[in-house]
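Participant: Could you have a look at this structure, given as structure tokens, before my questions?
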Amino acid sequence: MANLTLTMGTTMLVLLIVKVLHGPAAIYGVVLLAGAAGGLLGSLAGGRVREHLRPAPGLGLSIGLIAAGLLLAGFAWSIPVVAVAYAAGAFGIMLWNVQAVVIRQRLIPRELMGLATSSYRLIGWGAGPIGAALGGLLGSVLGVRAPLIIGGAVLALSLLLVPRLAVLEPSGPASA
1 MANLTLTMGT
11 TMLVLLIVKV
21 LHGPAAIYGV
31 VLLAGAAGGL
41 LGSLAGGRVR
51 EHLRPAPGLG
61 LSIGLIAAGL
71 LLAGFAWSIP
81 VVAVAYAAGA
91 FGIMLWNVQA
101 VVIRQRLIPR
111 ELMGLATSSY
121 RLIGWGAGPI
131 GAALGGLLGS
141 VLGVRAPLII
151 GGAVLALSLL
161 LVPRLAVLEP
171 SGPASA
């Protein structure tokens, strides 16, 4: 769901910057750079977050950051706010990636890891184009900000499922 809602929102990012906030097209690249910096920091923090948080809260934190980034971008009043939102979302995406890989490695037998990883990627990456199409449709009908706000709200609502992720908690000390 994260890839669908994230792509639904980020499809509108360039239009938000250029058409709504009236920034020059080159500023879009600067916002992408902010996202890259957020992603890099998120990847560097991923291991530390995993050490200090159990899997469910770690996934909840990452989902919360992605949702907050989408919502903040959707309500942004300036391009610097969009850049901060995009960086926060990218930070959350990288936290998610670290948490998800560790959880798969803990729960899935080695002989099934290839199948599980390819299935995860099929669903995750397959949701992206669907989200992009949905974002374009919603953006054309409801306005450029709508896919960002709707995507962020759906992800925020998915935080209600985080307590169910407690089944991912290892019974012994953290490993992997």
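The letter at position 90 of the sequence shown is residue 90 when you use the UniProt record's numbering, and the numbering goes up by one with no holes.
We treat Cβ as the ideally placed atom computed from N, Cα and C, and that holds for glycine.
At the level of alpha carbons, what is the spacing between V101 and A116?
Facilitator: Taking the first residue of the sequence shown as position 1, residue 101 is located at position 101. Taking the first residue of the sequence shown as position 1, residue 116 is located at position 116. So the two alpha carbons sit approximately 11 Å from each other.
Participant: If I'm right that G139 touches P129 with Cβ under 8 Å, what's the distance once you round it to whole angstroms?
Facilitator: Here residue 139 refers to the residue found at position 139 of the sequence shown. Here residue 129 refers to the residue found at position 129 of the sequence shown. Actually they are not in contact, since the Cβ atoms of G139 and P129 sit about 15 Å apart, beyond 8 Å.
Participant: Do the region 32-47 and the region 105-112 meet, that is, are 3 or more Cβ pairs less than 8 Å apart?
Facilitator: no
Participant: When the distance is taken between beta carbons, is V49 closer than 8 Å to residue 215?
Facilitator: In the structure as shown, the chain begins at 1 and stops at 176. Residue 215 is therefore absent and cannot be evaluated.
Participant: Evaluate residue 229 with the Cβ neighbour count: other Cβ atoms within 10 Å of its Cβ, from every protein chain shown; 16 or more gives buried, anything less gives exposed.
Facilitator: Any answer about residue 229 is impossible in this case: the structure gives the chain only from 1 up to 176.
Participant: If L157 sits next to Q99, beta carbons under 8 Å apart, how far is it from one beta carbon to the other, in whole angstroms?
Facilitator: By 1-based counting over the sequence shown, the position of residue 157 is 157. By 1-based counting over the sequence shown, the position of residue 99 is 99. In fact, because the Cβ distance is near 20 Å, the residues do not count as touching under 8 Å.
Participant: Mind checking I150: buried by the 16 CB within 10 Å criterion, or exposed?
Facilitator: What you label residue 150 is simply residue 150 of the sequence shown in a count that begins at 1. The residue is buried, with at least 16 neighbouring Cβ atoms inside 10 Å.
Participant: How is F75 classed by DSSP in three states: helix, strand or coil?
Facilitator: The residue you call residue 75 lines up with position 75 of the sequence shown. Correct three-state label for F75: coil.
Participant: Can you find the residues in the same chain that come closer than 7 Å, C-beta to C-beta, to M12, ignoring five residues on each side of it along the sequence?
Facilitator: Numbered from 1 along the sequence shown, position 12 holds the residue referred to as residue 12. Only G135, G139, V144, P147 and L148 meet the Cβ criterion.
Participant: Could you tell me if S62 is buried or exposed, where buried requires 16 or more neighbouring beta carbons within 10 angstroms of its beta carbon?
Facilitator: Taking the sequence shown and counting its residues from 1, one reaches residue 62 at position 62. Result: buried.
Participant: So is M113 buried or exposed if we call it buried at 16+ other beta carbons inside 10 Å?
Facilitator: By 1-based counting over the sequence shown, the position of residue 113 is 113. Classification of M113: exposed, given that the 10 Å Cβ count is below 16.
Participant: Provide the residue span of the alpha helix (DSSP H) that contains I123, from first to last.
Facilitator: Stepping through the sequence shown from its first residue, residue 123 is reached at position 123. Here the alpha helix (DSSP H) through I123 covers M113 to L142.
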